Ligand code: SF4
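Residue numbers (our numbering): 2 to 363.
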């Protein structure tokens with residue numbers, strides 16, 4: 002069996018889990034190609050105007066998956082206790098059925114961690130019936146998926162390249178039957194990661210340190226964000242909130258009067274707050290998109306924290322019409338401002354009279 006997995010939205014956070022899950026079941030996973038103009042335009046045609054950009058992209062990616070036995074669209078309700086994913090995650094797959102290529106069935110599995118691991122396993126076993134797998138096979142696949150996800154999460158922030166890791170995981174899932182000694186994603190790249198980390202460290206001292214805040218599926222989506230991350234990395238050392246450990250996020254959430262109950266909002270606010278307090282960070286950029294309900298609130302919360310620390314801060318709002326020239330101009334102006342400020346903060350002009358010239362005390 003060959004199932005299609007769209008390279009959008011949940012791909013950017015949870016693909017390692019699903020890749021490990023299907024790998025163990027012996028099901029081949031085919032991912033859609035990286036986003037291009039055609040994919041974006043196809044996505045726009047199948048979704049309503051007020052839908053957020055990541056969902057439009059997801060609709061576009063689904064339409065490229067024509068040569069598969071089924072398209073897989075998980076309904077990821079919750080991935081940790083006491084929180085939910087954004088409501089738009091919950092509406093998948095029904096909200097995107099118009100984007101399914103004719104004749105291709107949709108498979109879906111529910112992940113609702115609020116009800117605990119046992120319930121998640123039960124829901125996956127219901128999914129297992131649809132693909133002809135036993136309860137035992139599903140349990141083994143679930144554990145394999147968790148290991149792949151853990152391996153991926155442990156590697157984040159250690160100089161590993163997102164695309165490289167995803168490529169590696171995708172290669173593993175393609176046409177290979179599981180063995181008892183399953184290879185771990187990331188093996189063999191540690192040496193390259195190590196040397197690239199060393200290079201980064203040696204270049205770091207004189208470079209600006211910028212934090213890029215936003216959903217993983219906007220930050221890593223190079224086509225839709227016009228390669229913002231790559232452009233930033235050319236000019237500065239970039240910190241991503243996705244590299245912040247969960248413990249640190251929890252610590253930085255503690256000042257809130259009311260708990261945030263969306264997983265991504267917690268990550269963005271907790272990590273954003275941490276970077277706002279970090280005196281080695283020179284500036285913060287918040288990447289959001291039109292139509293994002295959770296960002297409309299969280300962006301303001303983060304902005305207040307950053308303002309308290311008098312740090313340069315810029316919000317970039319993406320949609321399908323965002324132009325390259327406008328983005329580049331804003332980015333350059335922001336980085337120039339941060340650089341000037343870094344170089345001249347604390348500078349007192351020597352022009353004019355000295356403060357102590359007529360002083361009796363000196
Ligand atoms: S969090 Fe925002 S960008 Fe993400 S799916 Fe929900 S509305 Fe869309």
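Glycine included, every Cβ here is placed at the ideal spot set by N, Cα and C. Note that this is a predicted model, so its numbers are computed, not measured.
Pull up the distance between the alpha-carbon of residue 323 and that of residue 55, whole angstroms please.
14 Å
Reduced DSSP category for residue 210 - H, G, I as helix; E, B as strand; rest coil:
Residue 210 falls in the strand class under three-state DSSP.
Does residue 61 come within less than 7 Å of chain B when only Cβ atoms are used?
Judged by its chain identifiers, the structure shown contains no chain B, having just a single protein chain.
Among 287, 275, 25, 296, the one whose alpha carbon lies nearest that of residue 264:
For residue 264, the closest of 287, 275, 25, 296 by C-alpha to C-alpha distance is 296.
Between residue 217 and the rest of its own chain, which residues show a CB-CB distance below 7 Å, the 5 nearest in sequence each way excluded?
13, 14, 243
Taking the continuous alpha helix (DSSP H) assigned at residue 304, which residues delimit it?
294-309
Rounded to the nearest angstrom, what separates residue 35 and residue 148 at their Cα positions?
26 Å
Cβ-heavy atom distance, residue 89 to the ligand SF4, below 6 Å:
yes
Helix, strand or coil: how does DSSP classify residue 184 here?
Low confidence applies here, because residue 184 scores a pLDDT of 46, under 50, leaving its location unreliable and the question unanswered by this model.
With a cut-off of 8 Å on the beta carbons, I'd call residue 172 and residue 18 a contact; round off their distance for me.
The Cβ separation is near 17 Å, so there is no contact.
By the DSSP assignment, the beta strand (DSSP E) with residue 76 in it spans what residues?
Residues 76-79.
For the ligand SF4, I want to know if residue 61 counts as a neighbour, meaning its beta carbon is within less than 6 Å of at least one of the ligand's heavy atoms.
no
CB contact flag (residue 318, residue 281, <7 Å):
no
Looking at the secondary structure, which residues open and close the alpha helix (DSSP H) in which residue 224 lies?
Taken as a continuous stretch (DSSP letters only), residue 224 belongs to no alpha helix (DSSP H), as it is neither H nor E.
Using CA atoms only, rank isn't needed, just tell me which of 292, 169, 312, 262 is closest to residue 273.
312
Measure the Cβ-Cβ separation of residue 30 and residue 6 and say whether it is below 7 Å.
Taking the C-beta atoms as reference points, residue 6 is found nearer than 7 Å to residue 30.
Three-state class that DSSP yields for residue 174 in the structure shown
helix
Where do the ends of the beta strand (DSSP E) carrying residue 48 lie?
Premise fails: residue 48 is in no beta strand (DSSP E) and is neither H nor E.
Pick out the complete alpha helix (DSSP H) segments inside the region 261-292, 4 residues or longer, and give them in chain order.
264-278
With hydrogens ignored, establish whether the beta-carbon of residue 152 is closer than 6 Å to any heavy atom of the ligand MN.
Ligands present in the displayed structure are limited to the ligand SF4, and the ligand MN is not among them.
Considering only residues of the same chain and omitting the five flanking positions on each side of residue 76, which have a CB-CB separation below 8 Å?
90, 91, 93, 94, 109, 110, 111, 112
What is the DSSP secondary structure of residue 73, counted as helix, strand or coil?
strand
Beta-carbon spacing of residue 285, residue 330 below 7 Å:
no
State the Cα-Cα distance for the pair residue 157 and residue 66, rounded to the nearest angstrom.
Distance from the CA atom of residue 157 to the CA atom of residue 66, rounded to whole angstroms, is 29 Å.
Quick check: does the Cβ of residue 92 come within less than 6 Å of any heavy atom belonging to the ligand SF4?
no
Buried or exposed by the 16-neighbour rule on C-beta atoms within 10 Å, applied to residue 334:
exposed
At a cut-off of 6 Å, is residue 294 close to the ligand SF4 when judged by its beta-carbon and the heavy atoms of the ligand?
yes
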